[in-house]
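Inspection log for the structure reproduced underneath, given as structure tokens.
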Amino acid sequence: MDVLSDMLSTIRLRSMVFTQTELTAPWGIRAEPLSSFAFHIMARGSGWLEIDDDHGPIQICAGDVAVIAPGRIHTLRDAPGTRARPLREWMATGAFAPMRAGGDEQPGLDATTQVVCGCFHFEDPGSEVLLAALPAVIHTGATTSDVGPWLAQTIKLITYESVTRLPGTETVVNRLCDALFVYVLRSYLAESAKDESSWLRALVEPQIGASLRLIHESPSEAWTVATLGTRVGMSRSAFAARFAELVGETPMRYLTRWRLQKAAGMLRAGEAGIAEVAAHVGYDSEASFNKAFKRSIGVAPGSYRRTSRAPEAAWSAAPRS
């Protein structure tokens, strides 16, 4: 079981490119906090990124990508000190209008900065485990790790596809952006400290990673701390301590929360009845599942299924570049 893929599938990663644009110095853009991860690909030129006025400035060069965590004000500008205008002002004046493939060549094109902007969104509100594993900003590029060459090719494809109007462009761009998010996570994991504790680091730790695979492969199994420890070759106490140290919660707490996240994903999909969902994630009765789900999610499973389609409809109707 690929735990990261299972997580991203369950919390419903959705990606979107808002615009690809060209900017001529001096320029500065200030973006208000988003409920999603924002990303900026520097396709050509360079700029400086600041997060919440206290992270940075970080130089973003051609071929780099920066991913900003939800809830963060961030500023991107051609040089430190350049005045930054709110993003809504740029958009209102048309100065931040998206590029179009096949447009007229402009004098001094090499002097412009080309930026691709978008976001990564999780439909499942219970994605805290991944959010907690990531910093305020991830800055990576083609030379930062072994992932770099593949990241560079993905960036090139996104840059190209986001200005075309060929059949299937939107699907291609969205899938490429999903891949971009995974490459960014891999790059961050390769560059982060080996002794750092997080759910993401736990995935590549042999024994704790193996226990996470067991939980994700068979959430309905009657797992205990002892049986999980035995399966990965650790004593009960050593396993419990190491799991909590890396993941940030006990094995049983993680198991319960993952079962309910998986159930929420199945309810959103709407392809199974509540009793079937309950059995799939390890609950012996629909009543006990209903109680646990409402305690964790805040609403009963039936109500959650009826209302969970609204955010997806709103996302589908959001404007593209």
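Reminder that position 97 of the sequence shown reads as 152 in this note's numbering, one-by-one numbering, no gaps.
C-beta: ideal position from N, C-alpha, C; glycine also.
Kindly list the residues whose CB is nearer than 6 Å to the CB of residue i, restricted to its own chain and excluding five residues on each side of it in sequence; keep chain order.
{"i": "S60", "result": "none"}
{"i": "I193", "result": "V122, V239 and Y243"}
{"i": "T137", "result": "P81 and G83"}
{"i": "A333", "result": "E341 and F344"}
{"i": "H271", "result": "M56, V58 and D61"}
{"i": "T79", "result": "T167"}
{"i": "M321", "result": "A327 and V332"}
{"i": "K349", "result": "A355"}
{"i": "H129", "result": "A86, I106 and I123"}
So, are the CB atoms of residue i and residue j less than 8 Å apart?
{"i": "H95", "j": "A121", "result": "yes"}
{"i": "I113", "j": "R127", "result": "no"}
{"i": "V171", "j": "V72", "result": "yes"}
{"i": "R230", "j": "L301", "result": "no"}
{"i": "H110", "j": "A187", "result": "no"}
{"i": "P135", "j": "W103", "result": "yes"}
{"i": "L189", "j": "T209", "result": "no"}
{"i": "S253", "j": "V287", "result": "no"}
{"i": "Q316", "j": "D119", "result": "no"}
{"i": "Q169", "j": "A93", "result": "no"}
{"i": "R323", "j": "S363", "result": "yes"}
Distance check for residue j and residue i, CA to CA, integer angstroms please.
{"i": "D133", "j": "R314", "result": "46 Å"}
{"i": "G131", "j": "T167", "result": "Before going on, a small fix: residue 131 reads as Leu here, not Gly. The straight-line gap from Cα to Cα measures roughly 15 Å."}
{"i": "R360", "j": "A319", "result": "8 Å"}
{"i": "K249", "j": "W205", "result": "22 Å"}
{"i": "A295", "j": "M289", "result": "9 Å"}
{"i": "G284", "j": "S247", "result": "27 Å"}
{"i": "D88", "j": "D339", "result": "Residue identity differs from the one stated: residue 88 is Pro in this sequence, not Asp. Their backbone Cα atoms lie some 42 Å apart in a straight line."}
{"i": "E160", "j": "S64", "result": "Residue confidence for E160 is low, a pLDDT of 41 falling below 50, so the modelled location carries little weight; the figure read from the coordinates is stated next. Each residue's alpha carbon lies about 41 Å from the other."}
{"i": "P274", "j": "E77", "result": "48 Å"}
{"i": "V259", "j": "R241", "result": "11 Å"}
{"i": "K211", "j": "T224", "result": "14 Å"}
{"i": "T74", "j": "P261", "result": "41 Å"}
{"i": "R291", "j": "G353", "result": "32 Å"}
{"i": "A369", "j": "E326", "result": "Bear in mind that the predicted position of A369 carries a pLDDT of just 42, short of 50, making it too unreliable to give a figure here."}
{"i": "A86", "j": "T148", "result": "16 Å"}
{"i": "A347", "j": "E331", "result": "15 Å"}
{"i": "I18", "j": "A281", "result": "For the chain, the structure presents residues 56 to 376; residue 18 sits outside this window and is missing."}
{"i": "I263", "j": "T226", "result": "35 Å"}
{"i": "F298", "j": "E251", "result": "13 Å"}
Please classify residue i: does DSSP put it in a helix, a strand, or coil?
{"i": "M289", "result": "coil"}
{"i": "L68", "result": "strand"}
{"i": "P356", "result": "helix"}
{"i": "T195", "result": "strand"}
{"i": "R138", "result": "coil"}
{"i": "V202", "result": "coil"}
{"i": "V336", "result": "coil"}
{"i": "T168", "result": "strand"}
{"i": "G320", "result": "helix"}
{"i": "T311", "result": "helix"}
{"i": "T74", "result": "strand"}
{"i": "S376", "result": "Bear in mind that a pLDDT of 42 at S376, under 50, signals an unreliable position, so the model cannot answer this."}
Can you name, in chain order, every residue of its own chain whose Cβ lies under 7 Å from the Cβ of residue i, other than the five neighbours on each side?
{"i": "S91", "result": "P125, C174, F175 and H176"}
{"i": "N345", "result": "A355 and P356"}
{"i": "V228", "result": "V72, I213, E216 and S217"}
{"i": "D233", "result": "L68 and S70"}
{"i": "L310", "result": "I270 and W278"}
{"i": "M146", "result": "none"}
{"i": "I329", "result": "E341, P356 and G357"}
Leaving out five residues before and five after residue i in sequence, what residues of the same chain have Cβ atoms less than 8 Å from its Cβ?
{"i": "A277", "result": "G337"}
{"i": "R312", "result": "G181, V184, E304 and S351"}
{"i": "P162", "result": "Its pLDDT being 41, under 50, P162 is placed unreliably in this model, and the value from its coordinates should be taken loosely. Once the five neighbours on either side are set aside, P162 has no close Cβ partner at all."}
{"i": "A293", "result": "G284"}
{"i": "H335", "result": "P274, S275, K317, A318, M321 and A327"}
Can residue i be considered in contact with the ligand MN, in the sense that its beta carbon sits closer than 7 Å to one or more heavy atoms?
{"i": "C172", "result": "Ligands displayed in this structure: none; no statement on the ligand MN is therefore possible."}
Threshold first: 3 residues or longer. Then list the beta strand (DSSP E) segments lying entirely within the region 76-132, N to C. Listed in chain order, the complete beta strand (DSSP E) runs (minimum 3 residues) inside the region 76-132 are 83-86, 92-99, 101-106, 110-116, 120-123 and 129-132.
Which ranges does the alpha helix (DSSP H) cover as unbroken runs of at least 4 residues, wholly within the region 214-287, from first to last along the chain? Correct list: 224-246, 254-258, 261-272 and 280-286.
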